[in-house]
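Oh and the sequence shown: position 206 is 205 in numbering that gives the first Met the number 0, straight run, nothing missing.
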Amino acid sequence: MRSKIEKFSLIACGAIIGVLISLNLPVFADKVEKSNLPIDELRTFAEVFGKIKSDYVEPVEDKKLINEALNGMLTGLDPHSSFLNMEDFKDLNQATQGEFGGLGLEVGTEDGFVKVISPIEDSPAYKAGLKSGDLIMKIDGASTKGLTLNDSVKKMRGKPGSKITLTVLRKSEVKPLIFNLVRAIIKSQSVKGKLAEPNYVYVRVSQFQEHTGEDLAKLLKSLREQNKVPFKGILLDLRNNPGGLLNSAVGVSAAFLPKDNLVVYTEGRAADSRMHLTAIPENYLKGGNNKDDYLKDLPEDIRSTPMVVLVNNGSASASEIVAGALQDHKRALIVGMQSFGKGSVQSILPMNNGTAIKMTTARYFTPNGRSIQAKGIVPDIIVDDGSDPSFMTKEADLTNHLSNPKDADANAPAKDNKTSPSPIKKPEEEKKKNTDTSSGPIEPASKADKQFQEAMNILKGLQILQNK
């Protein structure tokens, strides 16, 4: 970690040195010439910096120019890297702890606009009906074109109770949609569950936060006591889960896998970005303190109960890690739609001045060595949710997305895979009903949730097969 910080501090220092060169300070020029920094490019940077300072139509602060240059340096690499000023860094820390202010949207960029990856469950955005793939064209009437992702996020955040209007382009709609929302404190409860039927447990993980693994263990223990006998089936719902903390994903996987099973491994250039994370406390506990292992009292039958995992286009990153691990170990049957395909790891690297950078440092791989970057997890059984696949946004659609190192044709659709999953399609009437934008979001695990109903039927079939 320290070496990374020093490396990027050196880059920042190099940029500043370049500015000093433009001011004709030869002592600094001599130092740069003796280093390995790209002197010609730094001189160009300094020249542009100087021209903006002297000729731009309005005066611009040095801090703003440097911050914009840093942000451009990172956002130009891939859709998930960015520069975080002090306020952004603070907001990010609050989000991973499960409480922050705003609308409740996980967003990315496409063609200069803000694109919805997934709305967070129970948030104002989710309740209003925003969907994965929506393109936010305007915020309170002002275009998002040309704004950085951080600037757009800032505009959407604000005082709880304050109003905001989003103009959204949805590919299935001819005209832009207008959403009038009220900002709120987003208290995201990342784990929910219930006994869907006697002996069958339903667990929904909407995001991977700091305490997600611990909350999952508490819920499973509580429902197990309530059921009195071992479960006959477990349905884990990861739909529209945009991801989150890597160690939480390992903890959730470890709740269902035998100890020491490989969950995920990562490959990057830096030594500390190459990891093999297995289902042991050291890999999912903060600080690796085994005394605080929240899985130690989990009933052992949980790890052998027949299991189905629900995913869709909004399942990304950490949720794909869990689905991929359970699929590779043949621990669960994956059901639903092909996932988003974000197979990269972002590290938060604090800087000395209180800012930070969020930078892609590695690709992650499933236990069998699959990279799902720009490809996603292909379900064992496809259960259509009524959405038109051509309207779905995936990692492969994002500008500057990383390539898939394991597959020369990373952008190939699911039907081109050698092992084609079995499709379960809905009648046309249900497709029309579920694509009707006038209706709100379907409540997960409700009677209207057709994917849930199909998954439960599949789960019962697995239990019968296990008995035989």
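Quick reminder that beta carbons are idealized off the backbone N, C-alpha and C, glycines included.
Keep in mind that this is a model prediction, so the values were computed, not measured.
When rounded, the separation of the alpha-carbon atoms in LYS357 and LYS459 is 43 angstroms. In this structure the region 325-340 lies against the region 298-311, because at least three pairs of beta carbons, one per stretch, are closer than 8 angstroms. Annotation for TYR283: the continuous alpha helix (DSSP H) segment containing it runs 280-283. Here LEU256 is actually not in contact with ALA270; their C-beta atoms are around 27 angstroms apart, not less than 8 angstroms. When secondary structure is reduced to three states using DSSP, ARG223 falls in the helix class.
By the neighbour-count criterion, in which a residue is buried when 16 or more other Cβ atoms sit within 10 angstroms of its Cβ, VAL152 is buried.
DSSP, read as helix, strand or coil, puts ILE119 in coil. Non-local C-beta neighbours of ILE51 in its own chain, meaning closer than 7 angstroms and more than five positions away in sequence, comprise VAL59 and LEU64, ordered along the chain.
CA-CA distance, GLN462 to PHE112, rounds to 46 angstroms. ILE376 counts as buried, since at least 16 other C-beta atoms from the protein chains shown sit within 10 angstroms of its C-beta. Excluding its 5 nearest sequence neighbours in each direction, MET455 has no C-beta neighbour in its own chain below 6 angstroms. In the DSSP assignment, ALA141 is bridged to ILE138.
Contact between the region 159-172 and the region 189-202 is absent: fewer than 3 CB-CB pairs across the two stretches fall below 8 angstroms. Residue burial is scored here from C-beta neighbours: ARG268 has fewer than 16 other C-beta atoms within 10 angstroms and is therefore classed as exposed. Counting only runs of 3+ residues, the beta strand (DSSP E) found wholly inside the region 54-115 occupies 81-83, 98-101 and 104-109, in chain order. Bounds of the alpha helix (DSSP H) holding ASN466 are 449-466. For GLU57, there are no CB contacts under 6 angstroms within the same chain when 5 residues up- and downstream are skipped. GLN372 and GLY107 have their alpha carbons spaced roughly 16 angstroms apart.
Between the beta-carbon of GLY335 and that of ARG223 there is about 25 angstroms, and that puts the pair past the 8 angstroms contact cut.
The beta carbon of PRO443 sits closer than 8 angstroms to those of GLU120, ARG203, ASP236, ARG238 and PHE451, all from its chain and outside the five residues before and after it, given in chain order. Our two residues, LYS220 and ILE233, have alpha carbons roughly 13 angstroms apart in a direct line. Here ILE38 carries a helix assignment [DSSP, helix/strand/coil]. Its chain contains ARG182 as the residues whose beta carbon lies nearer than 6 angstroms to that of SER161, once the 5 sequence neighbours on both sides are disregarded; these appear in chain order. Exposed is the label assigned to TYR55, since fewer than 16 other Cβ atoms lie within 10 Å of its Cβ. Between ALA317 and GLY212, the beta carbon gap of about 11 angstroms keeps them out of contact (Cβ cut-off 8 angstroms). Secondary structure in the region 283-352: the beta strand (DSSP E) runs of 3 residues or longer, each lying completely within the stretch, are 306-310, 332-335 and 343-349 in chain order. Residue state for ASP133 is assigned as coil, using DSSP reduced to three classes. Closest option to ALA127, judged by alpha-carbon separation, among PHE339, SER252 and ILE441: ILE441. Contact between GLY353 and MET72 does not hold, since the beta-carbon distance rounds to 19 angstroms and is not under 8 angstroms. Note on GLU394: 16 or more other CB atoms within 10 angstroms of its CB, so buried under the neighbour-count rule. A straight-line Cα-Cα distance of about 19 angstroms links GLN345 and SER338. The DSSP assignment places 245-253 as complete runs of the alpha helix (DSSP H) inside the region 238-266, in order along the chain (cut-off: 4 residues). Scanning LYS227, THR143 and TYR293 for the CA closest to the CA of LEU215 turns up TYR293. In the displayed model, MET155 falls within a helix according to three-state DSSP.
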